[in-house]
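Participant: There's a structure below that I have some questions on.
In the working numbering, the protein residues as written are 7 to 228.
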């Protein structure tokens, strides 16, 4: 098994939430120089690389990984589900490589910590058996492709605060979110009378969030 994946597995179930949370607020340099944090396997591995190259990609991977682990360890999963998942990946190295390796690749691609938090929430839902692996892959791809500045708009749609998009200046956000397969647009034509009594047609557009989108938002909004 890849060393990075193996140490990620060990770190994921390590009781180090409080330590990680404290140092995430300080900065990556403090994490790199901290002796206690270096005892966390994934930190030790990535810091070892950083000592050699100190490149921005590895620094970002370290930050995103710790954000992910910190969120994962917020005690929202039943312990028996965690133990069951640990047993599954310990007994199947390919499964461990495929699943945790996929997460590392995604974290390495993220810039915004909000995405790492969302990914961790989706992974918790998978470990807690609220999602299957295909669901996780689909939702993780949504997170990967999501333009983070669109998330507040998506929240408003989810909460029912935005439905009519007629004459909105940010319709481009709708088009981007629509491409993720979680919201759709419906159009309704209506006939209106102008001041001069002339009849004209107007097409209004409305947003809908499908069941898949609602399920996704139920998870990441927790």
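All C-beta atoms, glycine included, are put in the ideal place defined by N, C-alpha and C. Keep in mind it's a predicted model, so treat the numbers as computed, not measured.
1) Report all residues from its chain with a CB closer than 6 Å to the CB of residue 224; omit the five preceding and five following residues, and keep chain order.
2) Can you pull the DSSP bridge partners for residue 192?
3) Measuring alpha carbon to alpha carbon, tell me which of 67, 136 and 17 ends up nearest residue 87.
4) Flag this pair as yes or no: are the beta carbons of residue 151 and residue 186 separated by less than 8 Å?
5) Let me know the secondary structure DSSP gives residue 170 once reduced to three states.
6) How would you label residue 124, buried or exposed, when you count the other beta carbons within 10 angstroms and need 16 or more for buried?
7) What number of angstroms, rounded off, separates the C-alpha of residue 70 from the C-alpha of residue 191?
8) Can we say the region 144-158 touches the region 168-187, given the rule of at least three CB pairs closer than 8 Å?
9) If you follow the alpha helix (DSSP H) that residue 136 is part of, which residue opens it and which one closes it?
10) Between residue 164 and the ligand PLP, is there a pair consisting of the residue's CB and a ligand heavy atom that are separated by less than 7 Å?
11) Taking the alpha-carbon of residue 108 as reference, which of 94, 90 and 146 has the nearest alpha-carbon?
12) For a test of the three-state rule: what should DSSP assign to residue 86, helix, strand or coil?
13) Answer with buried or exposed for residue 167, where buried requires no fewer than 16 other C-beta atoms within 10 angstroms of its C-beta.
14) Pull up the distance between the alpha-carbon of residue 99 and that of residue 83, whole angstroms please.
15) Determine the burial state of residue 65: buried for a count of at least 16 other Cβ atoms within 10 Å of its Cβ, exposed for fewer.
16) Please identify the residue among 117, 189 and 91 whose C-alpha is closest to the C-alpha of residue 73.
Facilitator: In this structure, then:
1) Numbered from its first residue, the chain shown carries residue 224 at position 218. Result list for residue 224: empty, nothing under 6 Å.
2) Numbered from its first residue, the chain shown carries residue 192 at position 186. Residue 192 is bridged to 212.
3) Along the chain shown, read from residue 1 onward, the residue named residue 87 stands at position 81. Taking only the C-alpha atoms, the option nearest residue 87 is 136.
4) Indexing the chain shown from 1 puts residue 151 at position 145. Indexing the chain shown from 1 puts residue 186 at position 180. A contact, by the Cβ cut-off of 8 Å.
5) By 1-based counting over the chain shown, the position of residue 170 is 164. Strand.
6) Taking the chain shown and counting its residues from 1, the one referred to as residue 124 is at position 118. By the neighbour-count criterion, in which 16 or more other beta carbons inside 10 Å mark a residue as buried, residue 124 falls on the buried side.
7) Looking up residue 70 in the chain shown gives position 64. Looking up residue 191 in the chain shown gives position 185. Whole-angstrom Cα-Cα distance: 34 Å.
8) They touch, by the three-pair rule.
9) Here residue 136 refers to the residue found at position 130 of the chain shown. Per DSSP, residue 136 belongs to no alpha helix (DSSP H) and is neither H nor E.
10) Of the ligands one can find in the structure shown there are none, so the ligand PLP has no counterpart to examine.
11) As a working mapping, residue 108 is identified with position 102 in the chain shown. When only C-alpha atoms are compared, the closest one is 146.
12) Locating residue 86 in the chain shown gives position 80, counting from the first residue. Here residue 86 sits in helix by DSSP.
13) Start at 1 with the first residue of the chain shown, and residue 167 comes out as number 161. Answer is exposed; the Cβ neighbour count stays below 16.
14) Here residue 99 refers to the residue found at position 93 when the chain shown is read from its first residue. Here residue 83 refers to the residue found at position 77 when the chain shown is read from its first residue. Each residue's Cα considered, the two are about 23 Å apart.
15) Here residue 65 refers to the residue found at position 59 when the chain shown is read from its first residue. Classification of residue 65: buried, given that the 10 Å Cβ count is 16 or more.
16) Position 67 of the chain shown, counting from 1, holds the residue named residue 73. Among 117, 189 and 91, the Cα nearest to that of residue 73 is on 117.
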